[in-house]
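Below is one structure; the comments refer to it alone.
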Amino acid sequence: MTIFKYALRRGLMKPASLVANGVLPLVFIIAMPDGYNMDGGRGFFMLAFLLMFGAFMMAGGIQGDKIDGVTLRILAGPITFRTYLVQNFFAGLVPMVVLTGILGALGIALHDWTLPFAGAVVLCFILLSATMIGLSFVWAVLFKDKEASLVAFTLIVMLMGMVGGLMIPQSVMPAALRNIGAIFPPHWAARGLEQLISYGTMTAQYWLSMLALVLFAVALLLYGSKRRIV
24 MTIFKYALRR
34 GLMKPASLVA
44 NGVLPLVFII
54 AMPDGYNMDG
64 GRGFFMLAFL
74 LMFGAFMMAG
84 GIQGDKIDGV
94 TLRILAGPIT
104 FRTYLVQNFF
114 AGLVPMVVLT
124 GILGALGIAL
134 HDWTLPFAGA
144 VVLCFILLSA
154 TMIGLSFVWA
164 VLFKDKEASL
174 VAFTLIVMLM
184 GMVGGLMIPQ
194 SVMPAALRNI
204 GAIFPPHWAA
214 RGLEQLISYG
224 TMTAQYWLSM
234 LALVLFAVAL
244 LLYGSKRRIV
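Residue numbers (the numbering used here): 24 to 253.
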């Protein structure tokens with residue numbers, strides 16, 4: 024079995040991952056008809072918030088491998104550390120791409136999104152998911168205890184969602200709080216979504232926000248790869 028298949032099965036078999044990556048996002052986009060319109064609906068931001076947890080759940084198993092000694096056994100064979108990380112990254116990202124694609128299709132079918140608009144929302148969700156997978160690699164470096172890791176991650180996600188604009192609209196935040204939020208990836212996801220909702224198209228500010236998410240993802244993945252997760 025390849026590392027990709029192993030990591031994919033490990034992530035999908037966790038009940039919490041199935042709920043975060045399947046049940047809740049689909050329930051929210053189906054059951055909140057007024058949350059996904061072009062009048063400032065907050066459903067977009069709720070989905071982004073849920074996807075942050077979903078991406079961490081999919082890739083969080085890498086920490087379990089570290090704690091249980093699986094990583095050492097895998098690397099003792101003909102598998103390089105880079106191959107191990109790359110395949111874990113795609114095993115975490117592929118289900119998120121599928122899920123966001125389904126959410127985009129439901130947006131078109133249920134909420135009258137145009138195809139370009141849905142594509143822009145999906146791109147934002149995918150890049151946010153990639154940053155959270157990178158964060159899960161960093162978490163595997165920083166924490167050796169599963170319970171402490173989950174508690175700390177929940178707290179940091181709540182903080183990032185609050186100051187980043189997913190839980191509280193950026194437009195009502197004080198300037199100082201918005202500046203603090205800019206150091207977290209959710210700020211840029213929320214900013215990109217607000218541009219889409221306000222203008223219905225991919226503006227220059229939207230693309231700037233997507234670039235920021237790419238840079239966050241690259242930085243987190245590089246840190247996680249330089250600090251060996253063993």
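Yeah, the Cβ is synthetic: ideal placement off N, Cα and C, and Gly gets one too.
### Task
State the DSSP-derived secondary structure class of residue 136, mapped to helix, strand or coil.
coil
### Beta-carbon contacts of residue 210 that lie in its chain and below 7 angstroms, excluding the five residues immediately before and after
187, 188 and 204
### Query
Closest Cβ-Cβ distance between residue 52 and chain C: below 7 angstroms?
The structure shown contains no chain C, having only a single protein chain.
### Message
Once the 5 residues before and after residue 146 are set aside, which same chain residues still bring their CB inside 8 angstroms of it?
### Response
Answer for residue 146: 233, listed in chain order.
### Query
Which value, in whole angstroms, describes the spacing of the CA atoms of residue 236 and residue 31?
24 angstroms
### Task
Identify whether residue 205 lies in helix, strand or coil by the three-state DSSP scheme.
coil
### Query
Thinking just about the alpha-carbon of each residue, which of 215, 78 and 191 is nearest to the one in residue 140?
215
### Query
Excluding the five sequence neighbours on either side, which residues of its own chain have a C-beta within less than 7 angstroms of the C-beta of residue 150, listed in chain order?
233, 236, 237 and 240
### Query
Would the beta-carbon of residue 82 fall within 7 angstroms of that of residue 156?
Yes, Cβ-Cβ distance for residue 82 and residue 156 is below 7 angstroms.
### Message
For residue 194, count the other beta carbons within 10 Å of its own beta carbon; 16 or more makes it buried, fewer makes it exposed. Which is it?
### Response
Under the 10 Å beta carbon count, residue 194 is surrounded by fewer than 16 other beta carbons and is classified as exposed.
### Query
What whole-angstrom Cβ distance do residue 206 and residue 126 have, given they're in contact under 8 angstroms?
Not really, about 27 angstroms apart at Cβ, beyond 8 angstroms.
### Task
Starting from residue 64, follow the alpha helix (DSSP H) in both directions and report where the run begins and ends.
Here residue 64 belongs to no alpha helix (DSSP H), and DSSP marks it neither H nor E.
#### Entry: 7 angstroms Cβ cutoff met for residue 122 and residue 44
yes
### Helix, strand or coil at residue 59 [DSSP, three-state]
coil
### Task
Would you mind reading off the limits of the alpha helix (DSSP H) that contains residue 43?
From DSSP, residue 43 is part of no alpha helix (DSSP H); its letter is neither H nor E.
### Query
Could you give the C-beta distance for residue 119 and residue 74, rounded to a whole number, given that I count them as a contact under 8 angstroms?
Rounded to the nearest angstrom, the Cβ distance from residue 119 to residue 74 is 7 angstroms, consistent with a contact under 8 angstroms.
### Message
With distance defined between alpha-carbon atoms, name the residue in 225, 221, 137 and 176 nearest to residue 64.
### Response
221
### Task
With distances taken Cα to Cα, identify the nearest neighbour of residue 113 among 58, 34, 177 and 199.
34
### Query
How is residue 103 classed by DSSP in three states: helix, strand or coil?
coil
### Span of the alpha helix (DSSP H) around residue 37
Unbroken run through residue 37: none, as it is neither H nor E.
### Task
Please determine, among 130, 37, 144 and 217, the residue with the shortest C-alpha to C-alpha distance to residue 77.
When only C-alpha atoms are compared, the closest one is 37.
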